[in-house]
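Written below as structure tokens is the structure these notes are about.
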Amino acid sequence: MRLRLRPSDDSFYDFFTRAAGNLVKGTELLSELALPGVDVQTVSERLIEVEHDSDAITHALYKKINSSFITPFDREDIYRLGSLLDDVMDHLEAVGSLLYLYGLTKLPSLPRELHEIVKVLDQQARLTADAMPRLKTMKNLEEYWVECNRLENEGDNAYRMLLVRLFSGEYDALTVLKMKEVVDELEAACDAFEHVANTVETIVVKES
Amino acid sequence: MRLRLRPSDDSFYDFFTRAAGNLVKGTELLSELALPGVDVQTVSERLIEVEHDSDAITHALYKKINSSFITPFDREDIYRLGSLLDDVMDHLEAVGSLLYLYGLTKLPSLPRELHEIVKVLDQQARLTADAMPRLKTMKNLEEYWVECNRLENEGDNAYRMLLVRLFSGEYDALTVLKMKEVVDELEAACDAFEHVANTVETIVVKES
Amino acid sequence: MRLRLRPSDDSFYDFFTRAAGNLVKGTELLSELALPGVDVQTVSERLIEVEHDSDAITHALYKKINSSFITPFDREDIYRLGSLLDDVMDHLEAVGSLLYLYGLTKLPSLPRELHEIVKVLDQQARLTADAMPRLKTMKNLEEYWVECNRLENEGDNAYRMLLVRLFSGEYDALTVLKMKEVVDELEAACDAFEHVANTVETIVVKES
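Taken in order, these protein sequences are the chains called A, B and C.
The end of the first sequence is residue 238 by this note's numbering, with every number in the run present.
The end of the second sequence is residue 238 by this note's numbering, with every number in the run present.
The end of the third sequence is residue 238 by this note's numbering, with every number in the run present.
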């Protein structure tokens, strides 16, 4: 158990909290896509804006790392956590853009299982946003990563059943290929939230 | 060459040995899928059980890391190795489940190249299970990782030729899409064994 | 800012410079595939040769790491950078081999967007080859990784528009599946260049 002087500069935690807060905005926008009569183009454009905000936060974090003499925990871990939070947003944005670009929203309705994965992502985003401020004390984080991993399993199951449905013969091959791209981004977002949780776990294990 | 006190607590090595032994059970079950008249549902259910065993081993290992004051090598490396061994099993289980869920076993026969990748996986599993106990002395491991990488190359070639066959026009597009999912999990398992071997190599390089 | 004795042994930098130089040869070969009347089999075979050269460089680097008492920066980072440069080449080689194996070059012409991604890869390769010798001083590298990331974004956009075109109904489902495999390797190569750049950034951040 190392003794470690924690600098009082809290701005590192602020970056993580803001980045995770942005992910909640992202999953809320994806949830809107399930609403009847939604304007997919508008939602997709708002997702792109939220993704640009995430990029700005990530770059400001990197600048902060490079200009700081002392950091609250390992420089590389701060770097990695920032970059993994950014990865989640990239996948959320991709879902909106691909749905729009492939014209998939002209289908009578998207499969129910797709909305189930979005629900899982929304829960993961809220959990992550709640957990980030607790990095400051490195306490009470275990429940977060356990639950985030459990949700990833739930997402995996929904993904599997969604593929079974896509391959059932209900859709033609090209539609299946388009949907598969979207669904793979949803699943990658689910995984990316788990990578964030695993990195938090690694940091806590190292620092404790 | 650092001097390093190795604690006599051997249970860390036991975890790795048991996890790798479980992977042999997994590849043996996949090999059964090539047998004529096999009951795919039963094999798939047994794979799920073996995967649950792997999860239990992995979680016990993480608990052990968190409660140990001294570890035989870097905490993070123990963590990573455990997590990568677990990844292999996730892919093995997925192969069985997808074959069953997509009803692919109703095909007259699965392509020969698919069984070739399973054979490669079985060899990688046995090599890995043999190598894990040698982590204790960090000796005679080079042959393991070299051979495991060679097998991954062999698996890659089999994968490539399997895709050529799948895309040849012999199967309809939806069947190709289903088979592709299964085959991608086989290939991911092959890669995951290589990641285990690369991590062992990194650990040996660091500790020597 | 740590004081660190840099050994005068420059051969580590030579490995990185040669590995990146080889990637330029790889992207030049891919660029040839856009030329009218090109012999795809020959280009694909030359790519396999260049990939073997990369393997030889990577293994020589690993040997050097294992036999060196002092290294210019962290052993693991040298290892990772070497392995990531090698990954890029694996994807470049795969593009050539798959185009040939799937017989895709018998199509009247490959989509324009595909050549755009090849152009991006060629720019990334040249940037990387230019940057590697600067690792010796750890100076003037920021522009490299910023530009390499920007190019990856450009590649991502080209990839997205290429998929929109592939799924437009212009090609039959099996052709789409084959092209998708090739295009995914191109996109993975683009990502792999970004991973190289990110690793260089991490090393510079750590060492400065």
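Using N, Cα and C, we set each Cβ at its ideal position, and we do this for glycine too.
Selected residue, minimal CA-CA separation from Arg76(B), among Asn52(B), Gly67(B), Phe42(B) and Ser98(B): Working through the second sequence from its first residue, we reach residue 76(B) at position 46. Comparing Cα positions, the closest option is Asn52(B).
Backbone CA spacing between Leu111(C) and Glu106(A) [nearest angstrom]: Within the third sequence, residue 111(C) is the residue found at index 81, counting from 1. Within the first sequence, residue 106(A) is the residue found at index 76, counting from 1. Distance between the alpha carbons of Leu111(C) and Glu106(A) is about 15 Å.
Residue burial classification, Lys55(B) (beta-carbon count within 10 angstroms, cutoff 16): For the purposes of this step, residue 55(B) is taken as residue 25 along the second sequence, with counting starting at 1. With 16 or more other Cβ atoms within 10 Å, it is buried.
Simplified DSSP assignment, three categories, for Leu77(C): Taking the third sequence and counting its residues from 1, one reaches residue 77(C) at position 47. If DSSP states are grouped into helix, strand and coil, Leu77(C) belongs with the helices.
Residue-level contact to chain C via CB, Phe103(B), 8 Å cutoff: Translated into positions along the second sequence, residue 103(B) becomes position 73. No, no contact with chain C.
Asp40(C) - DSSP class collapsed to helix/strand/coil: Within the third sequence, residue 40(C) is the residue found at index 10, counting from 1. Coil, per DSSP.
Proximal residues to Val70(A) (C-beta, below 8 Å), its chain only, five neighbours per side dropped: Locating residue 70(A) in the first sequence gives position 40, counting from the first residue. For Val70(A), where only same-chain residues beyond five positions count, the Cβ hits under 8 Å are Leu63, Gly126, Leu129, Tyr130 and Thr135.
Contacts of Phe197(A) in chain B (Cβ-Cβ under 7 Å): Numbered from 1 along the first sequence, position 167 holds the residue referred to as residue 197(A). Result: Tyr132, Leu204, Leu207 and Lys208.
CB of Glu182(B) within 8 Å of CB of Asp221(B), strictly: The residue you call residue 182(B) lines up with position 152 of the second sequence. The residue you call residue 221(B) lines up with position 191 of the second sequence. Cβ distance < 8 Å, so Glu182(B) and Asp221(B) count as in contact.
Per-residue contacts from Ile95(B) into chain A (C-beta, under 8 Å): Sequence index remark: in the second sequence, residue 95(B) carries index 65 (1-based). Simply Val235.
Minimum length 3: unbroken beta strand (DSSP E) runs contained in the region 123 to 163 of chain A: none
Backbone secondary structure at Tyr201(A) - three-state DSSP: Reading the first sequence from its first residue, position 171 is the one you call residue 201(A). Three-state DSSP puts Tyr201(A) in coil, outside helix and strand.
Close Cβ partners of Phe103(B) (< 7 Å) along its chain, the five nearest in sequence each way excluded: Indexing the second sequence from 1 puts residue 103(B) at position 73. Taken in chain order, the residues that qualify are Ile233 and Glu237.
is_contact[Tyr109(A), chain C] using C-beta, thresh 8 Å: Residue numbering aside, residue 109(A) sits at position 79 when the first sequence is read from its first letter. Yes - at least one Cβ of chain C is within 8 Å of the one on Tyr109(A).
Given 8 Å, three or more beta-carbon pairs between the region 134 to 148 of chain B and the region 209 to 219 of chain B: yes
Per-residue contacts from Glu211(B) into chain A (C-beta, under 7 Å): Here residue 211(B) corresponds to residue number 181 of the second sequence, with the count starting at 1. Those are Leu193, listed as they occur along chain A.
Helix, strand or coil at Ala64(B) [DSSP, three-state]: Position 34 of the second sequence, counted from the start, is the residue given in the question as residue 64(B). Coil, per DSSP.
Option in Pro163(B), Leu193(B), Val68(B) and Phe42(B) with minimal Cα separation from Lys208(C): As a position in the third sequence, residue 208(C) is number 178, starting the count at 1. When only C-alpha atoms are compared, the closest one is Leu193(B).
Nearest neighbour of Ala188(C), chosen from Val150(C), Val206(C) and Tyr109(C) [CA to CA]: Sequence index remark: in the third sequence, residue 188(C) carries index 158 (1-based). Of the listed residues, the one whose Cα sits closest to Ala188(C) is Val150(C).
Nonlocal neighbours in the same chain, by C-beta distance under 6 Å from Ser74(B), ignoring five residues either side: Along the second sequence, one-based indexing puts residue 74(B) at 44. Closer than 6 Å at the Cβ level, and outside the excluded window around Ser74(B), lie Gly126, Ser127 and Tyr130.
Thr72(A) - DSSP class collapsed to helix/strand/coil: Counting from 1 along the first sequence, the entry for residue 72(A) is found at position 42. DSSP places Thr72(A) in helix when its eight states are reduced to three.
Residue-chain proximity (Thr229(C), chain A), Cβ-Cβ < 8 Å: Position 199 of the third sequence, counted from the first residue, corresponds to residue 229(C). It does not; no Cβ of chain A falls within 8 Å.
Start-to-end residues for the alpha helix (DSSP H) that takes in Leu193(B): Position 163 of the second sequence, counted from the first residue, corresponds to residue 193(B). Per DSSP, Leu193(B) belongs to the alpha helix (DSSP H) from Glu172 to Leu196.
Contact with chain A by Glu106(B), beta-carbon distance below 8 Å: For this step, residue 106(B) is matched to residue 76 along the second sequence. Yes, Glu106(B) counts as interfacial toward chain A.
8 Å Cβ cutoff met for Ser84(C) and Met119(C): What you label residue 84(C) is simply residue 54 of the third sequence in a count that begins at 1. What you label residue 119(C) is simply residue 89 of the third sequence in a count that begins at 1. The answer is yes: Cβ separation under 8 Å.
Same chain, Cβ closer than 8 Å to Leu196(A), five either side skipped, listed in chain order: In the first sequence, residue 196(A) corresponds to position 166, counting from 1. Within the same chain, Leu196(A) has close Cβ partners Pro141, Val206, Met209, Lys210 and Val213.
Candidates Arg156(A), Ser113(A) and Tyr201(A): closest to Asp139(A) by CA position: Residue numbering aside, residue 139(A) sits at position 109 when the first sequence is read from its first letter. The sequence given here places Ser at residue 139(A); Asp does not occur at that position. Taking only the C-alpha atoms, the option nearest Ser139(A) is Tyr201(A).
Alpha-carbon to alpha-carbon, His82(C) and Arg156(C): On the third sequence, residue 156(C) is found 126 positions in, with the first residue counted as 1. On the third sequence, residue 82(C) is found 52 positions in, with the first residue counted as 1. Rounded to the nearest angstrom, the two C-alpha atoms are 20 Å apart.
Other residues of its chain near Leu114(B): CB distance less than 7 Å, five sequence neighbours each side excluded: To locate residue 114(B), count along the second sequence from 1; it is residue 84. Ala222, His225, Val226 and Thr229, listed in sequence order.
C-beta neighbour in chain A for Leu35(B), strict 8 Å: Numbered from 1 along the second sequence, position 5 holds the residue referred to as residue 35(B). Summary for Leu35(B): the model assigns pLDDT 49, below 50, so the residue's position carries little reliability, and this model does not support an answer.
Among Ile78(A), Thr72(A), Ile95(A) and Glu58(A), nearest to Asp40(A) - alpha-carbon criterion: What you label residue 40(A) is simply residue 10 of the first sequence in a count that begins at 1. The candidate whose alpha carbon is nearest that of Asp40(A) is Ile95(A).
Ala159(C) versus Glu177(C): straight-line alpha-carbon distance, rounded: On the third sequence, position 129 is the one that residue 159(C) refers to. On the third sequence, position 147 is the one that residue 177(C) refers to. The alpha-carbon atoms of Ala159(C) and Glu177(C) are separated by roughly 13 Å.
Inter-residue Cα distance where the pair is Thr72(A) and Glu79(B): In the first sequence, the residue the question calls residue 72(A) occupies position 42. In the second sequence, the residue the question calls residue 79(B) occupies position 49. The straight-line gap from Cα to Cα measures roughly 46 Å.
Three-state secondary structure assigned by DSSP to Ile108(A): Residue 108(A) sits at position 78 when you count from the first residue of the first sequence. Looking at Ile108(A) - three-state DSSP - the assignment turns out to be helix.
Within chain C, the residues that Thr232(B) reaches when beta carbons sit closer than 8 Å: Against the second sequence, residue 232(B) aligns to sequence position 202. What Thr232(B) touches in chain C: Glu106 and Tyr109.
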